[in-house]
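Residue numbers (the working numbering), protein chains in the order written: chain A, 49 to 163; chain B, 2 to 330.
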């Protein structure tokens with residue numbers, strides 16, 4: 049009987065923890081894209097912190113590729129793209145637009161810093 | 002650098018790089034049962050037997066580009082055309098691996114650039130010319146102008162015992178080939194034995210050369226998995242405006258230099274075109290080394306300042322890359 053009570057308590061604790069975490073949605077980092085720039089130019093994340101990266105385009109189709117972080121987003125005007133990640137390594141990671149958007153496309157980049 | 006010649010292969014490939022384009026020569030080696038069977042297969046399928054021939058690869062002409070990295074515009078392209086035309090032995094075909102034109106937001110202007118490209122390439126004595134698009138040709142309009150000028154963006158054909166596959170990894174905007182084209186590739190290759198020599202030509206590298214410079218194809222691994230069972234695969238590409246040579250698995254990947262301006266070594270921190278040097282206008286498009294076969298010696302007199310890579314592919318026993326000592330591949 050005592051053992052059953054302990055198990056029930058543990059289940060309740062786990063459920064509470066899950067409920068608690070559900071109450072804390074990941075931080076949202078919004079990145080705006082337009083020909084041929086991202087805004088902001090740099091974003092700082094924390095290692096181990098769950099974060100949602102949302103890409104918003106204000107003109108046409110753009111991409112956001114940060115291969116080491118597993119980010120490969122697409123966005124078009126009025127159609128944002130988003131992904132939730134938890135960076136597990138510190139570092140400075142280049143991010144590029146990988147949806148060709150015109151002759152200045154090659155310079156459309158930004159930086160993600162994980163500290 | 003010298004590699005062992007695999008006599009079990011159907012076709013031997015030996016290569017020598019002089020720069021941006023590439024002259025590839027195919028010629029049968031000693032016949033084998035396997036080689037004879039492949040010859041019969043190609044003959045049955047398209048009436049062509051194996052035999053000696055050469056091709057030229059030219060890339061990244063960017064007709065319409067104007068800017069400090071190359072104030073001379075199409076001069077290097079025109080010079081390359083003159084050089085190829087001066088070859089005693091004309092190649093059977095010429096492969097253009099993308100970025101034929103530089104894009105414009107004005108479709109009418111971009112159409113003019115396609116026309117200008119054709120007016121220059123039409124000067125080539127070689128009439129069999131095959132093209133794949135680069136992102137500057139096809140990413141903004143999904144390949145509409147390219148198709149109007151050159152037909153489909155992916156296709157295949159056989160030529161004297163070699164199966165050529167044109168792949169489009171640009172016209173969807175992203176660096177991707179796509180599931181539909183990969184399914185087509187599987188079906189296209191299914192009719193060939195694993196020993197058939199295959200030359201793939203495309204614009205972007207099919208492997209992660211430097212993704213942060215967009216030097217990759219997102220589903221390149223899926224493409225190479227389809228090609229992996231084939232013993233003799235050569236991939237020719239452009240996009241990176243510099244010579245680059247990699248062997249991954251059994252496949253050999255070769256990038257041609259550009260005919261407009263050069264990009265730096267990928268180990269450098271920033272991707273910026275190498276500066277134009279008015280005293281050496283075709284520097285980085287120019288000859289680097291020349292040595293080896295009679296074919297390359299014959300070319301040496303005519304090539305002195307325009308990038309032109311030369312590779313020799315010979316065989317009737319599979320495609321196998323053999324790099325000669327002293328070459329700069």
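Backbone N, C-alpha and C fix where the C-beta goes; we use that ideal spot for every residue, glycine too. Keep in mind it's a predicted model, so treat the numbers as computed, not measured.
- For residue 111 of chain A, the chain B residues whose Cβ falls inside 7 Å of its Cβ are 175, in order along the chain.
- Taking 7 Å as the upper bound on Cβ-Cβ separation, chain B lies near residues 142, 144, 146 of the segment 133-146 of chain A.
- At a C-beta separation below 9 Å, residue 271 of chain B has no neighbours in chain A, since its nearest C-beta there lies roughly 10 Å away.
- Of all residues in the segment 139-154 of chain B, only 140, 141 come within less than 8 Å of chain A when Cβ atoms are compared, listed by chain position.
- Neighbours of residue 276 of chain B in chain A, taken as residues whose beta carbon is under 9 Å from its own, are absent, since the nearest beta carbon is some 16 Å off.
- Within chain B, the residues 66, 103, 104, 105, 106, 137 have their CB atoms less than 9 Å from the CB of residue 151 of chain A, given in chain order.
- When only Cα atoms are considered, residue 161 of chain B and residue 232 of chain B end up about 18 Å apart.
- The segment 110-121 of chain B and the segment 217-229 of chain B do not touch, with fewer than three beta-carbon pairs separated by less than 8 Å.
- Here residue 208 of chain B really is in contact with residue 249 of chain B; their C-beta atoms are around 6 Å apart, less than 8 Å.
- For residue 79 of chain B, the closest C-alpha among the options B:98, B:125, B:196 is that of B:125.
- When the alpha-carbon of residue 42 of chain B is set against those of B:111, B:204, B:196, the nearest one is in B:196.
- Under the criterion of beta carbons closer than 8 Å, residue 60 of chain B and residue 239 of chain B qualify as touching, at roughly 3 Å.
- Scanning its chain for C-beta atoms nearer than 7 Å, with the 5 sequence neighbours on each side dropped, one finds around residue 47 of chain B the residues 159, in chain order.
- Taking 8 Å as the upper bound for CB-CB distance, residue 202 of chain B and residue 176 of chain B are not in contact here, some 16 Å apart.
- Interface with chain B (8 Å Cβ-Cβ cutoff): residue 154 of chain A is included.
- When DSSP states are grouped into helix, strand and coil, residue 267 of chain B belongs to the coil group.
- For residue 158 of chain B, the enclosing beta strand (DSSP E) covers residues 156-160.
- Within the segment 62-137 of chain B, the runs of alpha helix (DSSP H) at least 4 residues long that lie entirely inside it are, in chain order, 76-86, 108-122.
- No Cβ of chain B is located within less than 8 Å of the beta carbon of residue 82 of chain A.
- Considering only B:121, B:99, B:110, the residue with the shortest C-alpha distance to residue 83 of chain B is B:121.
- Relative to residue 85 of chain B, the option among B:105, B:51, B:55 whose CA is nearest is B:55.
- Between residue 181 of chain B and chain A, the shortest Cβ-Cβ separation is not below 8 Å.
- In this structure, DSSP gives residue 105 of chain A an extended state, which the three-state scheme calls strand.
- Residues of chain B whose Cβ lies closer than 9 Å to the Cβ of residue 127 of chain A do not exist; the shortest such Cβ separation is about 14 Å.
- Residue burial annotation: residue 99 of chain B is buried, with at least 16 other C-beta atoms found within 10 angstroms of its C-beta.
- The straight-line gap separating the alpha-carbon atoms of residue 51 of chain B and residue 187 of chain B is approximately 23 Å.
- Within the segment 204-215 of chain B, contact with chain A at the beta-carbon level (separation under 9 Å) is assigned to 209, 212, 213, 214, 215.
- C-alpha of residue 86 of chain A to C-alpha of residue 271 of chain B: approximately 18 Å in a straight line.
- By the Cβ test, the segment 133-152 of chain B is not in contact with the segment 70-77 of chain B, since fewer than three Cβ pairs between them sit closer than 8 Å.
- Shown here for residue 152 of chain A: same chain residues with a beta carbon closer than 7 Å to its own, the five before and five after excluded, namely 83, 84 in chain order.
- Cβ-Cβ distances below 8 Å link residue 157 of chain B to 164, 165, 166, 167, 189 in the same chain, with the five nearest sequence neighbours on each side left out; the list follows chain order.
- For the set B:75, B:63, B:268, B:146, the Cα lying nearest the Cα of residue 102 of chain B is the one of B:63.
- DSSP lists A:99 as the beta-bridge partner residues of residue 133 of chain A.
- Residue 104 of chain A is a Cβ neighbour of residue 128 of chain A, given a cutoff of 8 Å.
- Using beta-carbon distances, residue 115 of chain A counts as an interface residue toward chain B, with a partner under 8 Å.
- DSSP places residue 204 of chain B outside both helix and strand once states are collapsed to three, so it counts as coil.
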